[in-house]
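Scroll down for the structure; my scribbles are underneath it.
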Ligand SMILES: [Zn+2]
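Numbering (the working numbering), first residue to last: 77 to 449.
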């Protein structure tokens, strides 16, 4: 899609080695890396050889990635760009640049599990043709010989798990898209998120009762995911109809490009601001975030210049940008964006803290308007 196809300046933040697939940055969440280390650790010394353990883990990783690419490519058919794919231990998460409409969401959500189903079928056909199936019980003992069959089973599990009708699983999105036909978006989301939290509670309880801590771990992620999805949907609903101009900060401090890290540190202490636009001759040339400031303080020292450590590829918004559309960009940007007018003059800032306050106020106003229940 040429429309809206501007490069995402923040895709590289936190990503490992800047991996990109179909132009979408892939980020490994740190818990995913921990899981990989854990899987390699328990896999060593088994009946499976070391190299095959690595192949197994990489193949599972590829299965999850292909699942996410399924979402990405169907979303692209609807003209929705994917800002990034984040890999978590229980699966990947694709961040679309906008929330798809209910009908679009159905097909985008279905695409992921269908990729895993397809992979499972292909692998099973290969196993059937080349070696014949082993009993499920024997698969608990990983060997080099049953690798393909375990991968087939793994993909089948990925498909079924993701089709559970609860947020944040794809099945939750499918459920939501059906509910949204006869209900408001808010109500549909509340039901899907509630189903996710109930499911997480049951999984956690079962995990504790049967001493299966992997299940408790998965339950925790499902719970957090359902909570986040619910919060994100509430944010979308409460910002709908507003522009960036209505929610941006207009009273803020800037730094000159000749300022030192010490000057920036002083400003950080004196104000409640975390991120500072860096100016040169009345024009913005960068954004100094608190994280970059602290990092520079420790590595380059207080006498170094802000111009050397600021983010040059910051996220730019206009006051007319719909606020709901700015939400995903802001979360990928790491919490701060600059607002420029048509003449490229800095007119405001949008930060995630400030936006949370805006959403909270909106929530209070909506409650007031609807009266006590
Ligand atoms: Zn999915």
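Backbone N, C-alpha and C define an ideal beta-carbon position, used for all residues, glycine too.
Since this is a predicted model, take the numbers as computed values, not measurements.
Taking 7 Å as the cut-off, does the CB of residue i come closer than this to any heavy atom belonging to ligand 1?
{"i": "residue 420", "result": "no"}
{"i": "residue 188", "result": "yes"}
{"i": "residue 222", "result": "no"}
{"i": "residue 231", "result": "no"}
{"i": "residue 342", "result": "no"}
{"i": "residue 238", "result": "yes"}
{"i": "residue 143", "result": "yes"}
{"i": "residue 147", "result": "yes"}
{"i": "residue 417", "result": "no"}
{"i": "residue 351", "result": "no"}
{"i": "residue 327", "result": "no"}
Under 8 Å between the Cβ atoms of residue i and residue j?
{"i": "residue 399", "j": "residue 413", "result": "no"}
{"i": "residue 331", "j": "residue 339", "result": "yes"}
{"i": "residue 261", "j": "residue 404", "result": "no"}
{"i": "residue 439", "j": "residue 314", "result": "yes"}
{"i": "residue 100", "j": "residue 148", "result": "yes"}
{"i": "residue 163", "j": "residue 140", "result": "yes"}
{"i": "residue 238", "j": "residue 230", "result": "no"}
{"i": "residue 369", "j": "residue 411", "result": "no"}
Using a Cβ-Cβ cut-off of 7 Å (strictly less than) and excluding sequence neighbours within five positions of residue i, which residues of its own chain qualify?
{"i": "residue 449", "result": "Per-residue confidence for residue 449 stands at a pLDDT of 43, beneath the threshold of 50, marking its modelled position as unreliable; the derived number appears in the next sentence. None."}
{"i": "residue 249", "result": "181 and 185"}
{"i": "residue 415", "result": "320, 324, 393, 394, 395, 423, 424, 425 and 426"}
{"i": "residue 146", "result": "187, 188, 190 and 191"}
{"i": "residue 78", "result": "Its pLDDT being 33, under 50, residue 78 is placed unreliably by the model, and the measurement read from it follows with that caveat. For residue 78, where only same-chain residues beyond five positions count, there are no Cβ hits under 7 Å."}
{"i": "residue 265", "result": "252, 306 and 309"}
{"i": "residue 224", "result": "199, 202 and 203"}
{"i": "residue 91", "result": "The predicted position of residue 91 is uncertain, since its pLDDT is 46 and thus under 50; no value can be drawn from it."}
{"i": "residue 352", "result": "329, 330, 331, 340, 343 and 364"}
Enumerate in chain order the residues of its own chain whose CB-to-CB distance from residue i is below 8 Å, with the five nearest sequence positions on each side excluded.
{"i": "residue 176", "result": "151, 154, 156 and 184"}
{"i": "residue 244", "result": "169, 272, 298, 301, 302, 304 and 305"}
{"i": "residue 361", "result": "333, 354, 355, 383, 386 and 388"}
{"i": "residue 429", "result": "350 and 411"}
Determine the burial state of residue i: buried for a count of at least 16 other Cβ atoms within 10 Å of its Cβ, exposed for fewer.
{"i": "residue 437", "result": "exposed"}
{"i": "residue 312", "result": "buried"}
{"i": "residue 289", "result": "exposed"}
{"i": "residue 335", "result": "buried"}
{"i": "residue 417", "result": "exposed"}
{"i": "residue 196", "result": "buried"}
{"i": "residue 267", "result": "buried"}
{"i": "residue 269", "result": "buried"}
{"i": "residue 402", "result": "buried"}
{"i": "residue 285", "result": "exposed"}
{"i": "residue 233", "result": "exposed"}
List the endpoints of the continuous beta strand (DSSP E) containing residue i.
{"i": "residue 160", "result": "158 to 164"}
{"i": "residue 128", "result": "No beta strand (DSSP E) holds residue 128; the alpha helix (DSSP H) holding it covers 126 to 153."}
{"i": "residue 297", "result": "Element bounds for residue 297: not the beta strand (DSSP E) but the alpha helix (DSSP H), 289 to 315."}
In chain order, what residues of the same chain lie with their CB nearer than 6 Å to the CB of residue i, ignoring the 5 residues before and after it?
{"i": "residue 337", "result": "372, 373, 378 and 380"}
{"i": "residue 275", "result": "242"}
{"i": "residue 178", "result": "253 and 256"}
{"i": "residue 235", "result": "189, 192 and 193"}
{"i": "residue 144", "result": "161, 168 and 170"}
{"i": "residue 95", "result": "102"}
Looking at the secondary structure, which residues open and close the alpha helix (DSSP H) in which residue i lies?
{"i": "residue 250", "result": "246 to 255"}
{"i": "residue 375", "result": "366 to 375"}
{"i": "residue 277", "result": "261 to 285"}
{"i": "residue 195", "result": "178 to 206"}
Say yes only if the C-beta of residue i is nearer than 7 Å to one or more non-hydrogen atoms of ligand 3, and no if none qualify.
{"i": "residue 246", "result": "Although ligand 3 was asked about, the structure shown includes only ligand 1 as ligands."}
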